[in-house]
Every structure is written in structure tokens, then in C-alpha cells.
Amino acid sequence: MTREVSWGGIHNTRDLGGLPGPFGSTKFGRIFRMPRPDALTVDGWSALESAGVRTLIDLRNSDEIAELPLLPAVVSFVHRAIEDQGDDEFMELMAPFLGSPSYYAENLRRWPDKIAAVIRSVANSPKGGVVIHCSAGRDRTGLITALILSLCDVELGAILDDYELGVRRTNDYLATHDNSHERHRSDNDLDAAIDESRQTLAALFLDLDVDRYLRDAGCSEHELTAVRVRLLED
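For reference, each letter of the sequence shown is one residue, going 4 to 237 in our numbering.
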């Protein structure tokens with residue numbers, strides 16, 4: 004099976020299955036990541052449903068959501084913002100870094116309750132695939148999926164590779180689509196940004212006890228086990 008998923012209309016979409024760890028590898032069809040679903044075509048929604056997705060978790064802030072997507076009847080929508088861009092102090096400190104992992108540590112420090120709410124939603128989702136998304140499907144989604152993968156003991160190198168793939172796919176998209184927030188990067192600029200991001204992300208997760216962080220944030224042992232079972236067990 005391939006990790007990159009083709010659901011009509013959107014880019015940067017993939018399955019979190021097939022990633023290595025001491026258990027073997029994560030299971031396909033359990034948790035997916037993608038950008039905002041606005042551009043999904045009718046065929047794209049059909050493909051998402053056919054892939055077994057039953058829960059869509061949106062990490063965006065309320066003011067980023069113009070209207071709720073028209074979901075297939077079998078798919079539930081869950082809104083779980085993981086930051087507050089109305090927090091002036093946060094924005095003053097972190098606004099220049101929101102397109103990279105450089106703000107992750109501050110996000111984790113300020114809003115453990117928001118992070119825990121997402122993990123809890125994954126744990127308590129009904130049987131079927133779970134999609135996690137933000138706007139580009141890169142940074143907020145990258146933080147949450149990195150936490151989940153680390154919780155499941157996925158190798159750090161694979162976590163870094165998954166984040167890098169999101170950066171590269173987003174840059175591919177920007178080559179042909181206008182965006183008011185960021186521009187397409189040259190190969191040299193992109194490689195330099197990725198090197199810095201990988202170092203930042205590695206330093207964060209080498210120092211972070213994800214299990215303890217999530218417990219302290221309010222997740223129960225049952226909920227953390229449920230996330231592991233979802234991604235790891237047959």
C-alpha cells in the first residue's frame with residue numbers, strides 16, 4: 004500500500020500507516036492527515052468515504068472556517084482548535100514561526116488542554132478511519148500527528164520524514180496556486196528550511212515525554228491506549 008492518498012481536489016494527503024517502530028509498522032486505514040477539505044470534489048468525498056473514514060477532526064480556529072463541509076452521512080465532524088490566534092502575546096511571540104515547528108513548544112506549553120482534547124477525540128472516535136486536518140495540512144496537523152506517532156513509538160526519523168513530506172507537498176502546491184500567506188520556495192530555500200525544521204522537531208521530541216505530557220494534560224490511560232490500539236493493532 005502507498006501512504007500518499009489521491010482524494011480528488013486536494014494535495015498533501017496521506018495515510019499514517021506503514022511507519023516503522025519496535026512493533027513493526029503502523030496500520031493503514033486508521034488515521035489520515037490532509038489539508039482543509041474545501042477543495043474536495045464529489046469524487047474526492049466518495050474516495051474518502053470508501054477509504055473507511057468516519058471522523059473528520061478540524062484543527063483550525065473558528066474564524067478560519069467559512070462554512071462546515073457537506074460531509075457524507077457516515078462521516079462525523081469534530082472541531083478541535085489547538086491554538087488561539089486571538090491571544091495577543093502568543094501572536095507577538097510566534098506569528099513569524101507559524102509555518103514551521105519553531106512554535107510547537109510554545110503551543111504545547113500554552114494549551115495542553117486543547118492538545119489533549121484532540122487526542123481524546125481520536126481515542127473516542129467510532130470504528131473507522133480518522134482524518135486530522137488544519138488549513139495546509141502541514142503545521143498544526145504536523146504537530147498532532149507527530150504526537151500520535153511518538154505516542155505509538157514510531158521511529159523519530161520516520162516522524163521527521165513525514166513532516167518533511169508535508170512541507171514538500173505544500174511547496175509543490177504553492178508552485179501553481181496563489182496564497183496570500185506564503186510563497187513557493189526555490190529548491191535551495193526549501194532544503195534549508197527543511198533542515199532547520201527537522202532539527203527543531205527532533206530536538207523537541209527527543210526532550211518530550213509524550214505519554215507524560217498527555218497524561219498531565221488530562222488524557223486517561225484508557226484514552227492513550229485507545230489511540231495506540233487504533234494505529235497499531237489488527
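In this text, a Cβ means the ideal position worked out from N, Cα and C, and glycines have one as well.
Keep in mind that this is a model prediction, so the values were computed, not measured.
request  = With DSSP as the reference, label G102 as helix, strand or coil.
outcome  = coil
ask   = Mapping DSSP to helix, strand and coil, what is V170?
value = helix
Count Cβ pairs between the segment 64-71 and the segment 172-184 that sit closer than 8 Å; are there 3 or more?
no
Cα separation between P99 and R186? 14 Å
Query raised in the report: Considering only residues of the same chain and omitting the five flanking positions on each side of I147, which have a CB-CB separation below 6 Å?
Result: V121, I135
**OP:** Helix, strand or coil for M4, going by three-state DSSP, please let me know.
**Re:** coil
_Inter-stretch contact at 8 Å, needing at least 3 Cβ pairs: the segment 225-237 / the segment 21-39_ = yes
Query raised in the report: DSSP on V81, reduced to helix/strand/coil?
Result: strand
Using a Cβ-Cβ cutoff of less than 6 Å, which residues in the same chain neighbour A126 once the five nearest sequence positions on both sides are dropped? E226, A229, V230
Quiz prompt | DSSP three-state assignment for V133, whether helix, strand or coil | solution = strand
Here's a check: name, in chain order, each residue in its chain whose Cβ is nearer than 6 Å to the Cβ of K117, leaving out the five neighbours to either side.
I85
query: According to DSSP, what are the bridge partners of V56?
result: G132
* Asked: How about M37 and T144: are their beta carbons less than 9 Å apart?
  -> yes
Taking DSSP as the reference, what is the three-state secondary structure of F208? helix
On the three-state DSSP scale, how would you describe R143? helix
- Query: Hey, would you say F208 sits closer than 9 Å to L177, going by beta carbons?
  - Reply: no
**Message:** Tell me the rounded alpha-carbon separation between V2 and L211.
**Reply:** Given a span of 4 to 237 for the chain in the structure shown, any question on residue 2 remains unanswerable.
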